[in-house]
Structure formats: C-alpha cells, structure tokens
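Only one structure is covered here, and it is reproduced in the block below.
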Amino acid sequence: MVWNQGSEETSDNPWWYGGGLALKDIVVVTFNRRDDAFGYLAHPELNAEGLAATGHNTSGNYGVLDFLEVLKWVQKSIANFGGDPDRVTIAGQSFGSSQVYHAVNSKLFKGHFHRAISESGIRYPYDTLLAGLATSYVNMDEALFHGVNYTKFHNASSISELRKLSTEQLLVGSGDRVNGTWIWWVTALSCNYPLIFKPVLDGYVLPMKYIEQLTVGPANDVPLITGNTKDESGATLPLNGYTVDEYVNYTTLKYGNLSSRYLELYPPLNNQTHADEAWNAAARDTSLVSTWLYAKNWVLSASSPIYTYYWDHAPPGQDQGAFHQSEIMYALNALYANADTYPFTAEDYYISDIMSGYWANFIRTGDPNTGGAFVGANLTRWYPNDAATKYVMHLGNGWGNHSISQPESIQFFEDYFAQQIPY
C-alpha cells in the first residue's frame, strides 16, 4: 500500500505508521510530496516548459507527478522489500484522497497500481462542497491567475527570477495567509478552504472534469473504496452555536427555492441546540447521498466494484466526535503509535482489528471480505454498491449496511444537486 497523506502533512506521522499493517503482511510505503506553490504552481512560462517536455500545455500538477514517480519506484523496487508489484494499492485521505482519485482518472498512472482507497472521500460531481474541499481542482485559467500574481507578489517578473529565491522566501504566500492576513490577490478567488494552490485541470495529468470522467469511466478501472466520517464536511462537534435565526438565514441562502422543503426535513424547532443538530444531520445526509450518487454512477461506467462506507466511531479522550481523519489510525492498525494521545480501550483495539482487516483484505485481493486478514470471527460482509440499493457500509460503532437517509431527504438532495453546475 502506498499512502498519500492530507494537505501539508508529512510522511512521518503516527496516524499512518506502517507497523500495524505490517503485522497483517502488508508492505506500507509513505512518501513526502510537494504541496502548495511548490507542488501546484501554474504559470504561462511553466506551461511552455510543459509543452516542450510533453506536448501538452501543462503546469501546476507537480505534486501529483511526485505520486507517479513513487509508484514507478514501487514497480521497480518493491519486490526487494517483500512487496508484490502486481498488487499495489494506492490509498489516501482528504487531499491525499484527491491524489488517489486523480491517479484513478489519469492515463499517466496506467499499470502502476491495481486498487484504490479514497478516504474523505470521493463526492458526487454536482455536490457544492467540492468547491471548498481539498478533494477538488482548479481550472487552468484560475491556476494561471494565482500563479502570475504569486510571482508578482514576490517582485519577480519571470519564473527564472522566482527560481533564484530561497525556499523560505517562496513559502511566503504559498498558502492563503501571511502572518494571519489574507494576501491581496487571494481575496478575489479564494476557495474558502486553506488551499489556493490545488491540482490543475490541464487536459494531461488531470484529463477531464470529474463529471466527464464519471460518465466515460475511469482511466484506471480498478476496485475502489471511498467514504466519509460522521463529523466532517459541515457536521461539527462541538456544536456550532447557531441561533435559530442564523440557522434559517444560512440554510435559506444555501438552498434558495428549495429552502422551504429543507426546513420541513430539518426544522430548528425554535431551539438553538436543535438547530445545530439539524444542521449536522443535513450535513451528514449530504455526504451520504453524495457518496451514494457517485457510486451509483460509477457502476454504470466502470467494470470494477466500488465499496462505500460511513465511519462513526469517535476516538476516546476528545469532543469532536468521529472527526475528519479519525478513521485512519483504525484502518491502518496504528493505534499502537497513538496511544499517548488517545486513551484507547479494548473496544478501540477490537474496532481497529476489524477495520484494518477490511483494508488489508482489500489490499491483498481487491475485496475487503476475503484475504484472511482479520484474526477474530468472520467479518460482516461488505457488499459492493450497485445502481439501485441505497446504502453504504457502516464502519466503527457497528458493521453492516447503513441506509443513506429517509427517501424524502434523498430526493431533496438529488433535486438540490440537479440545480448545480458539476465539477
């Protein structure tokens, strides 16, 4: 398994230490890639360099290409470490999840991996949350806008001048903020996520929009796992503290002509706590329906199975619930490396054994149910998605099919997504 971490993270993080999966006979490879401007700076001059090297007007995907170079190394060298170059699984979470999805969609990665795990997670291309999350991209015009203004910000008139600056100088302005203040050129086109420099839709590394790729099928048709955690993507613990008026105002602005239907499904009931809980319930349903709709369309254009999940176990000793990335240390059997941070109980280790069993089985065979990686009783069967059944796999505080929502809510979000411009 080749692990691709979230944005601005390093490979040296106990969340994804490989010792736990090694106990299940999995070889784990982690690596450091370029992020922010170092990995995703696009510029007209860099496009010219890309054209000369590849025949394509391309720049801004250097962090994605770092991933490809690691996979090329794995193909050549992993047998020396006891690995099998014909059974390579790429896996990642958050921004690393998008890296996995970009690899699934890119012909450049053909033959370099055989299954994929995308945690937090692949969303339906009509889902409005994509624009603000790390699992998105920018189009070339927007990327060039940021790149040119980043260059000007550093008082450089060319890429050659930019290359003369130190790493420390180039780090300034590489993210959204400098000393806590918005950089002037960021304000106009901020994605409302702390990443301005993202992978670029260049027609080469990223060949087409998500919606187009979902329609024609993946460039790399391999078994795929994807899903989300309970308390992420808008669902927040501790509660947001919205007043009833704020709740009604925000949801009306978001859902527009559908807001009356929304408020019938997720009413605040003149109670601030209930308004907060209704907000979280809607956010969770959005993720569940979005994951399901993606899977529903995947099976129409891909021949390989797709397995979707919903993780709801909250690590002990914290108040953020099943927060963003909370499933990683369980899936990778890495509780041993995080016991100083979280007061794990026997239940946590049991959950981790099951969860990592699914992951290890999938890495071995492309099927989370087979491979002999779970040491306890038989695993609850995890069925791949089909085009009709409205479920994802419940992982964490229970195991088995989890209904994505009530029929009225499913229909509501389908109608809401249908009004959006797809990614």
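Residue numbering for the sequence shown is 160 to 582, as defined by the working numbering.
For glycine and all other residues, C-beta sits at the position ideal for the given N, C-alpha and C.
Closest by C-alpha distance to residue i, when choosing among the options
i    : options                : result
S568 : D471, A441, I580       : A441
G178 : S325, A547, A496       : A496
T621 : V223, A461, V259, K183 : Lying before the first or after the last residue shown, residue 621 is absent from the chain, which here runs from 160 to 582.
V186 : W175, D195, R193       : W175
K455 : E208, V247, Y550, Y363 : Y550
D225 : P203, G270, N163       : N163
E573 : R193, L538, V448, G530 : V448
R540 : Y517, S419, A532       : Y517
F312 : Q328, M299, E405, V297 : Q328
S236 : V188, Y309, P366       : V188
T402 : Y453, Q431, N298       : Q431
V331 : D195, A532, N560, Q565 : D195
D184 : A577, Q578, P581, F521 : F521
N439 : Q479, L452, E208       : Q479
M670 : D526, L491, F533       : Outside the modelled stretch of the chain, which goes from 160 to 582, sits residue 670, for which no answer is possible.
Y429 : Y406, M488, S319       : At residue 429 the sequence reads Asn, which differs from the Tyr that was named. Among Y406, M488, S319, the Cα nearest to that of N429 is on Y406.
D408 : Y421, F197, V263       : The displayed chain sequence assigns Asn, not Asp, to residue 408. N408 has its Cα closest to that of Y421, out of Y421, F197, V263.
L182 : V233, G531, Q258       : G531
M514 : Y468, D545, P543       : Y468
Q234 : G214, H261, G270, S265 : G270
Buried versus exposed call for residue i [16 or more other C-beta atoms within 10 Å across all chains shown]
i    : result
L412 : exposed
T388 : buried
D171 : exposed
F589 : Lying outside 160 to 582, the shown extent of the chain, residue 589 is not represented and no answer is given.
E391 : buried
Y509 : exposed
G209 : buried
Q477 : exposed
T385 : buried
T529 : exposed
A394 : buried
Separation of residue j from residue i, as counted between CA atoms
i    : j    : result
P377 : W457 : 8 Å
P353 : L292 : Below a pLDDT of 50, predicted positions are generally treated as unreliable, and P353, at 45, falls in that range; no measurement from the model is reported.
S485 : A473 : 7 Å
G216 : T169 : Per the sequence shown, the amino acid found at residue 216 is Asn instead of Gly. Going by the C-alpha atoms only, they are around 30 Å apart.
G555 : Q570 : 27 Å
L383 : N206 : 32 Å
Y363 : L459 : 24 Å
H305 : G219 : 11 Å
I563 : H433 : 21 Å
L200 : Q579 : 28 Å
P464 : G242 : 24 Å
S419 : L303 : 40 Å
T248 : F272 : 6 Å
P426 : Q565 : 15 Å
I487 : G255 : 12 Å
D507 : Y489 : 8 Å
P527 : F268 : 23 Å
A211 : E228 : 20 Å
T410 : D444 : 14 Å
P475 : L396 : 14 Å
Any non-hydrogen atom of the ligand MG within 7 Å of residue i CB
i    : result
A181 : This structure simply doesn't include the ligand MG, nor any ligand for that matter.
Cβ distance (whole Å) where residue i is taken to contact residue j below 8 Å
i    : j    : result
Y369 : P284 : 4 Å
P244 : A238 : 6 Å
F482 : L494 : Rounded, the Cβ-Cβ distance is 16 Å, inconsistent with contact.
S166 : S253 : 7 Å
E436 : S317 : In fact, because the Cβ distance is near 54 Å, the residues do not count as touching under 8 Å.
D512 : F533 : 7 Å
T310 : H202 : 6 Å
R523 : R246 : 7 Å
T450 : R274 : That belief does not hold up - the Cβ atoms of T450 and R274 are roughly 18 Å apart, past 8 Å.
V297 : S277 : That belief does not hold up - the Cβ atoms of V297 and S277 are roughly 19 Å apart, past 8 Å.
Residue i at chain E interface by Cβ criterion, 8 Å
i    : result
M299 : Protein chain content of the structure displayed is limited to a single chain, and chain E is not contained in it.
Continuous alpha helix (DSSP H) assignments of at least 4 residues falling wholly in the region 504-547: Restricted to the region 504-547, the alpha helix (DSSP H) segments that are unbroken, complete and at least 4 residues in length are 505-524, listed in chain order.
Uninterrupted alpha helix (DSSP H) stretches inside the region 240-269 (no shorter than 4 residues): Taking only runs of at least 4 residues, the alpha helix (DSSP H) segments lying wholly in the region 240-269 are 254-264.
Inside the region 379-452 only - alpha helix (DSSP H) runs reaching at least 4 residues: Whole alpha helix (DSSP H) segments, 4+ residues: 403-414, 418-424.
Secondary structure, alpha helix (DSSP H): runs of 4+ residues fully inside the region 455-490: Qualifying alpha helix (DSSP H) stretches, in chain order: 487-490.
Completely contained beta strand (DSSP E) runs for the region 262-333, where each covers 3 or more residues: Correct list: 274-278.
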